[in-house]
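Trainee:
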Amino acid sequence: MPLALLALAIGAFGIGTTEFVIMGLLPEVAGDFGVSIPTAGYLVTGYALGVMFGAPLMTVLGTKISRKRMLMLLMGLFVVGNLLSALAPSFGLMLTGRVVASLAHGAFFGIGSVVAADLVAPDKRAGAISLMFTGLTVANVVGVPLGTLVGQSLGWRVTFGIVAALGVVGLLGVVKLVPDMPKPEGVRLRHELAALKNVQVLLAMAMTVLGFGGVFAAITYIAPMMTHVAGFADGSVTWLLVLFGLGMVGGNLVGGKYADRALMPMLYVSLGALAAVLALFTLTAHNKIAAAVTIALVGALGFATVPPLQKRVLDHAHGAPTLASALNIGAFNLGNALSAWLGGLVIAAGLGYTAPNWVGAVLAAAALALAVLSAGLERRERAACTPAAGTVPAERPTVATQ
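Residues in the sequence shown are numbered consecutively from 108, following our numbering.
Structure follows, in structure tokens:
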């Protein structure tokens with residue numbers, strides 16, 4: 108695999124760290140600014156919304172320049188946003204810094220996926236995409252726990268300063284390692300938008316919303332579930348999230364490997380198993396060992412869907428994949444927000460802290476149903492383009508020669 112993928116993975120590591128580390132530092136941030144925990148939670152919501160709206164916006168703005176230069180600009184924006192967060196004298200400026208950093212998120216992964224796929228042979232595209240996303244998964248194993256520890260020990264501003272430094276390293280990596288890949292000739296914004304009319308692209312995005320939404324329905328409420336139901340101490344939540352991150356790393360690599368061999372079967376297996384495991388989580392959450400194993404499985408099965416879904420978007424948006432790829436990253440965050448809201452509703456209804464697992468199972472099962480529908484439509488399209496058996500194509504008229 109090309110060294111350029113390392114630069115993309117470093118950028119992904121920084122982005123993954125800044126996205127999730129805030130969840131462990133909300134009490135410290137709220138205390139410093141004198142706001143409530145729910146108000147501090149806007150730092151999470153604001154980032155997610157910034158990813159959703161920033162992905163298409165930044166991708167559209169980048170249609171006029173080369174992909175390498177756009178990646179450089181995005182990493183620069185990421186650095187500025189995290190520096191602003193680290194130095195913010197008020198909560199409003201801290202929130203602004205979070206939104207600025209989030210604008211780079213969707214477009215970086217969207218454009219980065221296209222670049223990663225173009226760097227390798229067609230039969231290795233999903234593997235290359237998964238290697239880039241490894242930076243995001245490793246962030247949940249290393250970056251987020253360490254960032255939380257540093258923030259709690261030395262102050263949350265130090266954490267965001269370190270994340271900004273990671274962004275500088277990622278920027279230098281893009282400058283030095285990513286080859287100069289000019290924007291393909293003839294690609295215009297209308298071509299990018301036209302890709303969104305493709306039913307298969309839209310179905311893949313819907314699978315992303317529902318499939319990864321299933322994961323976050325459970326993981327968003329993992330702390331109260333593990334402390335109140337499984338009986339873990341509050342301090343154990345950190346290493347449980349590390350288990351989740353390790354599962355993400357393994358699932359991402361396996362998903363990338365097998366998606367290059369059999370993409371749709373990989374989606375069937377991962378989404379079906381994810382729905383089953385989330386349903387079982389309502390039972391295993393009552394036992395510490397079983398709960399820990401289940402958390403790792405949820406991370407593995409959830410992220411096993413990422414490379415095949417991202418590759419499916421690229422395959423069906425061929426000729427104009429950049430905007431569709433970036434929007435698919437936004438779809439992950441839409442799924443996160445949707446599932447967190449639904450999970451909160453069932454808890455508020457008095458169904459208990461394990462109820463979000465059922466929500467997640469239903470969402471994952473719905474994603475599996477869409478995968479079956481997508482494959483069926485694809486088979487029908489192929490059959491329509493294939494001459495029926497036993498028919499003979501009409502002969503072309505011949506031109507008499509003297």
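Beta carbons: idealized from backbone N, C-alpha and C, even for Gly.
Just so it is clear, the structure is predicted and the values come from calculations on it, not from any experiment.
(1) Assess, as a yes-or-no matter, whether the segment 396 to 404 is touched by the segment 363 to 370 under the definition of 3 or more beta carbon pairs within less than 8 Å.
(2) Near residue 216, what residues of its chain come up, given a Cβ to Cβ distance below 6 Å and the 5 sequence neighbours on each side ignored?
(3) Taking DSSP as the reference, what is the three-state secondary structure of residue 379?
(4) Tell me whether the beta-carbon of residue 381 lies closer than 9 Å to the beta-carbon of residue 334.
(5) In this structure, how does DSSP classify residue 120 when only helix, strand and coil are distinguished?
(6) Look at the alpha carbon of residue 183 and the alpha carbon of residue 275, and state the distance between them as a whole number of angstroms.
(7) Using a Cβ-Cβ cut-off of 7 Å (strictly less than) and excluding sequence neighbours within five positions of residue 462, which residues of its own chain qualify?
(8) Going straight from the alpha carbon of residue 518 to that of residue 405, what length do you get?
(9) Quick one, which of 193, 313, 128 and 460 has its alpha-carbon nearest residue 439's?
(10) Less than 9 Å between the beta carbons of residue 141 and residue 178, yes or no?
(11) Expressed to the nearest angstrom, what Euclidean distance is found between the alpha-carbon atoms of residue 112 and residue 128?
(12) Just list the alpha helix (DSSP H) runs in the segment 385 to 413, keeping only unbroken ones of 4 residues or longer that don't cross its boundaries, in chain order.
(13) At which residue ranges does the segment 211 to 298 contain complete alpha helix (DSSP H) runs of 4 or more residues, listed in the order of the chain?
(14) Tell me the rounded alpha-carbon separation between residue 252 and residue 345.
(15) Mind checking whether residue 410 and residue 373 have CB atoms under 9 Å apart?
(16) Note down the Cα distance separating residue 150 from residue 244, rounded to an integer number of angstroms.
(17) Does the Cβ of residue 329 have 16 or more other Cβ atoms within 10 Å, making it buried, or fewer, making it exposed?
(18) Go ahead and label residue 487 buried or exposed: buried means 16 or more other beta carbons lie within 10 angstroms of its beta carbon, across all protein chains shown.
(19) Under the rule that 16 or more other beta-carbon atoms within 10 Å means buried, what is residue 418, buried or exposed?
(20) Return the Cβ separation of residue 321 and residue 446 in integer angstroms, given the expectation that the two are a contact with Cβ distance under 8 Å.
(21) May I ask you to verify whether the segment 158 to 171 touches the segment 220 to 232, counting CB pairs closer than 8 Å and requiring at least 3?
(22) What's the C-alpha gap between residue 492 and residue 194?
(23) Using the beta-carbon count (16 or more within 10 Å), is residue 261 buried or exposed?
(24) Mapping the DSSP letters down to three states, classify residue 305 as helix, strand or coil.
(25) With residue 281 and residue 118 assumed to form a contact (beta carbons below 8 Å), what rounded beta-carbon distance in angstroms separates them?
(26) Beta-carbon within less than 6 Å of residue 110's beta-carbon, same chain only, minus the 5 sequence neighbours each way: which residues are those?
(27) Cα separation between residue 132 and residue 489?
(28) With burial defined as no fewer than 16 other Cβ atoms inside 10 Å of the residue's Cβ, what is the status of residue 228: buried or exposed?
(29) May I ask which residues mark the beginning and end of the alpha helix (DSSP H) holding residue 155?
(30) Going by the beta-carbon positions, is the gap between residue 210 and residue 201 smaller than 9 Å?
(31) Within this structure, are the beta carbons of residue 162 and residue 433 separated by less than 9 Å?
(32) What is the residue span of the alpha helix (DSSP H) that residue 345 lies within?
(33) Residues in its own chain within less than 7 Å of residue 278 by CB, not counting five upstream and five downstream?
(34) Which of helix, strand or coil does DSSP assign to residue 126?
(35) Which class does residue 196 belong to by DSSP, given the choice of helix, strand or coil?
(36) With DSSP collapsed to three states, give me the class of residue 327.
Mentor: Considering the structure as presented:
(1) no
(2) 436
(3) helix
(4) no
(5) helix
(6) 8 Å
(7) 453 and 454
(8) Since the first residue shown for the chain is 108 and the last is 509, residue 518 is missing from the structure and cannot be characterised.
(9) 313
(10) no
(11) 24 Å
(12) 395 to 410
(13) 232 to 245, 251 to 261 and 263 to 284
(14) 7 Å
(15) no
(16) 21 Å
(17) buried
(18) exposed
(19) buried
(20) 7 Å
(21) no
(22) 60 Å
(23) exposed
(24) coil
(25) 7 Å
(26) 284
(27) 52 Å
(28) exposed
(29) 149 to 168
(30) no
(31) yes
(32) 344 to 366
(33) 179, 182, 183 and 186
(34) helix
(35) coil
(36) coil
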